[in-house]
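Offset between the sequence shown (1-based) and the working numbering: plus 3. Idealized CB from N, CA, C, for every residue including glycine. Just so we're clear, the structure is a prediction, and the values are computed from it rather than from any experiment.
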Amino acid sequence: MSSVTFLFIFVSILTIVFLALNFLLAPHNPYQEKYSIFECGFHSFLGQNRTQFGVKFFIFALVYLILDLEILLIFPFGLSGYENGIYGLLIVLIFTAIVTAGFVFELGKNALKIDSRQSNNYFYKSNKFVHTFIESK
4 MSSVTFLFIF VSILTIVFLA LNFLLAPHNP YQEKYSIFEC GFHSFLGQNR
54 TQFGVKFFIF ALVYLILDLE ILLIFPFGLS GYENGIYGLL IVLIFTAIVT
104 AGFVFELGKN ALKIDSRQSN NYFYKSNKFV HTFIESK
């Protein structure tokens, strides 16, 4: 058996094992809104074409595009690092610092927080679990 064949078999088995573990161990919290049709995250009403909606989903899309472009611009530097030298490294570091500062600013302003109407009644997310964990030490 060649190493490539072994790799495909090993990765396939590992993927199936991880998917089975996720299916067995993940918490399940079904409620009616989860099974309803998803339409851009908003409830649609008949006859109302112009409804107000939040911009948070578009902010997520823009952050994804910016970070994706960052990877796209850094990738050629990784392939030609010897030819770029210190000047290229400095440009990439400045660009990464600017994008990271913008991302941290958005996190600080809670621009990426989307409020959910789902109730989190899990024991491990409650204060009881935290207090039992702290008191056990």
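**OP:** Out of Val-14, Leu-96, Phe-9, His-31, state which residue places its alpha-carbon closest to the alpha-carbon of Ile-74.
**Re:** Leu-96
Original post:
Going by Cα to Cα distance, which pick from Phe-106, Gln-35, Pro-33 is closest to Ile-69?
Top reply: Phe-106
Original post:
From Val-66, Tyr-67, Val-58, Phe-98, pick the residue whose C-alpha is nearest to that of Phe-80; which is it?
Top reply: Phe-98
**OP:** Following the continuous alpha helix (DSSP H) through Pro-79, name the residue where it begins and the one where it ends.
**Re:** 59 to 82
**OP:** Compare the beta carbon distance of Ile-117 and Phe-60 with 9 Å and say whether it is the shorter of the two.
**Re:** yes
Original post:
Leu-115 and Phe-63: beta carbons closer than 9 Å?
Top reply: yes
**OP:** Return the chain-ordered ranges of every alpha helix (DSSP H) run that is complete within the segment 81 to 116 and spans a minimum of 4 residues.
**Re:** 84 to 111
Original post:
Which residues mark the beginning and the end of the alpha helix (DSSP H) in which Ser-6 is found?
Top reply: 6 to 28
Subject >> Ser-5 to Ile-19 span [Cα, whole Å] >> reply: 22 Å
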